[in-house]
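*Asks:* To start, I am sharing the structure in question, which I have written as structure tokens.
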Amino acid sequence: MRYTEKILEETSTIIEEIITEKNFSTKVDPFIVTIVSIIMAFLVAFTSNYIMILFSLPILITIFLLLSINKSYFVKILFILLLLGTIPGIPIIFTSTGYINDLNDLVLQPTSTGLENFVVFVSRVIISSLFFILPIIGLGWYGFLKSLSILKPLGVFLSILSLVIVILPRIIRNMLSIMFAREARIISKNYRVLWRTISSAIGDTIIVSHEYAGKLAKAIAARTITNTYFYETNMWKHKYNYIDLTLILVTITYITLYILVETSWLKLY
Amino acid sequence: MAKTLLEAKKIWYKYPRTDRWVLKDLDIALEKHKIILVTGPNGAGKTTLILILAGLLEPQKGKVLLHGEPLKEQLPGARRYIGVLFQNPETMLFNPIVYDEIAFAPRQLFDEEAVKKKIHIVLEQLGLNKEYLNKHTFKLSYGEKKLIAIASIISYDPEILLLDEPLTNLSRKYKDKILELIRNWREQGKAILIASHDVEEYTNIYDSCYILKYGKLIENRRSLQE
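Protein sequences appear in the order of chains A and H. Our numbering numbers the first residue of the first sequence as 1003 and each following residue consecutively. Our numbering numbers the first residue of the second sequence as 20 and each following residue consecutively.
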């Protein structure tokens, strides 16, 4: 029981840490850095070309430096991503073709093609995820939304994400209080009792959250005067500078190169 | 004669898939400069009445009139005249930052400069520090959440206030603050309905008191002040 609570508590702390808006310096425009990160995350995730992955690294490092990311936090995330990417990727090493279409592609010994594809796969997982995670850590989840609020058509989508920020810690805290209340009355060390307690706490959390969501919907409706519910927040004040311009130009160059390489107009190896 | 702002006529309500009528043939009228206290045991239907008056629930029979016209036909625009304070402030706060929470409704009515001014006026009224504006709503204490919930309503200056258990679970400090605000709102001409199971807390401020029992407002007592 204590481990479950520990995990929930840690999760709650991490969520609170992530959603807290950071004191963002004005080195770069938050909207530009966020949009560049999202574009790069998509591009890297869909490339199978390791040179394109390598070319994305300078942009990733630049974003890392511009957002002044906490190094120890970064290492922890890198380690988790490495773990998440490596484990499902291991079978690729044991393939003759570098991918698994059917069981005949699998061999008993590691192959050089397999190894090459494994490295590409893991780097894709890590780098594309980092592109997405860095602005969230650097700006905070709220800051991330705030930077995108300039895009009015995304209003509904952003408002849903903003609700997630508010609701998640509350749901976790609700679950914790439900579990504490139950643990306080557990006397025996019977695992069946423990299991019943945990599973019913999850069920009750869902019921409580459902009820909470209903009330929240009414509270939103009570203050919705116009026909549409929209997301709006205060923008960051930022004067565009040469860093913004450089970042945009580098990204455009990368996108052009990406299109040329992926459509086989240009062969880089 | 006092001006009636919001009125419920012959209201009948039961929740879906239930047989019990929560409200039966109920009439109530909210007037300018008047505070109505609706009391009754838990589950009597006080919150349901507030939700119906706010246009958030629709009665099976009867009608709700705002300024003499059916409320249903005036929604959602009519919500600018009605402020609802829910019992649990946590269910009211849905923005990550206090500023955005208070600005939610005014932003639908005014430009950002006017919104900023309104927010500062509200903060002054509530005696809150400017530093609150950048705080995260989930990091506030229960009492602070209640005050921010109130701020989010009065920021668009509604003429009708529906307050569901406004003093429950609050310390004396916050209770006194909110009671003082309610008195001020009456002076300003607002029509106020308070739903609470605790009559004692409001003894000196209400103008009329109804007891909601078995779906009906069955007793009407005059305020001790008069």
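Beta carbons are placed, not taken as given, at the ideal position from N, Cα and C, and that holds for glycine.
1) 9 Å is my cut-off, CB to CB: does residue 1095(A) come that close to chain H?
2) With C-beta atoms as the reference, is residue 1249(A) less than 9 Å away from residue 1169(A)?
3) Select from the stretch 1141-1175 of chain A all residues with a C-beta closer than 7 Å to any C-beta belonging to chain H, and list them in chain order.
4) When burial is assigned at 16 or more other CB atoms within 10 Å of the CB, is residue 1266(A) buried or exposed?
5) Between 133(H), 135(H), 163(H), which has its C-alpha nearest residue 146(H)'s C-alpha?
6) Using DSSP with H/G/I as helix, E/B as strand and the rest coil, what is residue 230(H)?
7) Rounded to whole angstroms, what's the CA-CA distance from residue 120(H) to residue 1067(A)? Just pull it up for me.
8) Since residue 1224(A) meets chain H, which of its residues come closer than 7 Å, beta carbon to beta carbon?
9) Using a Cβ-Cβ cut-off of less than 8 Å, list which residues of the stretch 167-180 of chain H approach chain A; keep chain order.
10) Taking the CB atoms as reference points, tell me whether residue 1137(A) and residue 1146(A) lie closer together than 9 Å.
11) Taking 8 Å as the cut-off, does the stretch 147-159 of chain H touch the stretch 67-75 of chain H (at least 3 CB pairs, one atom from each stretch)?
12) With DSSP as the reference, label residue 31(H) as helix, strand or coil.
13) In whole angstroms, give me the CA-to-CA distance for residue 208(H) and residue 52(H).
14) Check residue 1097(A) in the structure and name its three-state DSSP category.
15) For residue 79(H), count the other beta carbons within 10 Å of its own beta carbon; 16 or more makes it buried, fewer makes it exposed. Which is it?
16) Pick out the complete alpha helix (DSSP H) segments inside the stretch 1070-1148 of chain A, 4 residues or longer, and give them in chain order.
17) On the criterion of 16 or more Cβ atoms from any shown chain inside 10 Å, does residue 1111(A) qualify as buried, or is it exposed?
18) Please confirm if residue 1183(A) has its CB atom under 9 Å from at least one CB of chain H.
19) Could you tell me which of 110(H), 39(H), 84(H) sits nearest to residue 50(H), measuring between CA atoms?
20) How is the beta strand (DSSP E) around residue 44(H) delimited, first residue to last?
21) Quick check: what's the CA-CA separation for residue 197(H) versus residue 122(H)?
22) Can you tell me where the beta strand (DSSP E) with residue 218(H) in it begins and where it stops?
23) With 16 other CB atoms within 10 Å as the buried threshold, where does residue 183(H) fall?
24) Measuring only between beta-carbons, confirm whether residue 1079(A) sits less than 9 Å from chain H.
25) Excluding sequence positions up to five away, which residues of its chain have a Cβ less than 8 Å from the Cβ of residue 1129(A)?
26) Kindly say whether residue 1089(A), judged by its beta-carbon, lies nearer than 9 Å to any beta-carbon of chain H.
27) Could you tell me if residue 203(H) is buried or exposed, where buried requires 16 or more neighbouring beta carbons within 10 angstroms of its beta carbon?
28) Nearest to residue 1223(A) by CA position, among 110(H), 211(H), 32(H), 237(H), is which residue?
*Replies:* So, from the listed chains and residues:
1) Residue mapping note: residue 1095(A) aligns to position 93 of the first sequence, counting from 1. No, residue 1095(A) lies away from the interface with chain H (no Cβ there is under 9 Å from its Cβ).
2) Here residue 1249(A) is taken as the residue at index 247 of the first sequence, counted from 1. Here residue 1169(A) is taken as the residue at index 167 of the first sequence, counted from 1. Cβ distance not < 9 Å, so residue 1249(A) and residue 1169(A) don't count as in contact.
3) 1144, 1164, 1165, 1167, 1168, 1171, 1172
4) Numbered from 1 along the first sequence, position 264 holds the residue referred to as residue 1266(A). So residue 1266(A) counts as exposed.
5) Position 127 of the second sequence holds residue 146(H). When each option's Cα is compared against that of residue 146(H), the closest is 163(H).
6) Counting from one through the second sequence, the residue named residue 230(H) turns up at place 211. Three-state result, residue 230(H): strand.
7) Within the second sequence, residue 120(H) is the residue found at index 101, counting from 1. Within the first sequence, residue 1067(A) is the residue found at index 65, counting from 1. Each residue's Cα considered, the two are about 33 Å apart.
8) Numbered from 1 along the first sequence, position 222 holds the residue referred to as residue 1224(A). The contacting residues are 73, 75, 98, 103.
9) 171, 172, 175
10) Reading the first sequence from its first residue, position 135 is the one you call residue 1137(A). Reading the first sequence from its first residue, position 144 is the one you call residue 1146(A). Closer than 9 Å, so yes.
11) no
12) Within the second sequence, the letter at position 12 stands for residue 31(H). Of the three classes helix, strand and coil, the one that applies to residue 31(H) here is strand, per DSSP.
13) Counting from one through the second sequence, the residue named residue 208(H) turns up at place 189. Counting from one through the second sequence, the residue named residue 52(H) turns up at place 33. Each residue's alpha carbon lies about 4 Å from the other.
14) Position 95 of the first sequence, counted from the start, is the residue given in the question as residue 1097(A). Residue state, collapsed to three classes: strand.
15) To locate residue 79(H), count along the second sequence from 1; it is residue 60. Looking at its Cβ environment, which holds fewer than 16 other Cβ atoms inside 10 Å, residue 79(H) is exposed.
16) 1073-1095
17) Working through the first sequence from its first residue, we reach residue 1111(A) at position 109. Residue 1111(A) should be labelled exposed.
18) The sequence position of residue 1183(A) within the first sequence is 181, counting from 1. Residue 1183(A) does not count as touching chain H.
19) By 1-based counting over the second sequence, the position of residue 50(H) is 31. When each option's Cα is compared against that of residue 50(H), the closest is 84(H).
20) Taking the second sequence and counting its residues from 1, the one referred to as residue 44(H) is at position 25. Where residue 44(H) is concerned, the enclosing beta strand (DSSP E) stretches over 42-50.
21) Mapped onto the second sequence, residue 197(H) falls at position 178. Mapped onto the second sequence, residue 122(H) falls at position 103. Their Cα atoms are separated by approximately 20 Å.
22) Numbered from 1 along the second sequence, position 199 holds the residue referred to as residue 218(H). First-last for residue 218(H): undefined, no H or E at that position.
23) Counting from 1 along the second sequence, the entry for residue 183(H) is found at position 164. Buried.
24) Taking the first sequence and counting its residues from 1, one reaches residue 1079(A) at position 77. No, residue 1079(A) lies away from the interface with chain H (no Cβ there is under 9 Å from its Cβ).
25) One-based indexing of the first sequence puts residue 1129(A) at position 127. Taken in chain order, the residues that qualify are 1046, 1055, 1058, 1059, 1062.
26) Here residue 1089(A) refers to the residue found at position 87 of the first sequence. Chain H contact via Cβ: absent.
27) By one-based count along the second sequence, residue 203(H) stands at place 184. Flag for residue 203(H) reads exposed.
28) Along the first sequence, read from residue 1 onward, the residue named residue 1223(A) stands at position 221. Nearest C-alpha to residue 1223(A): 110(H).
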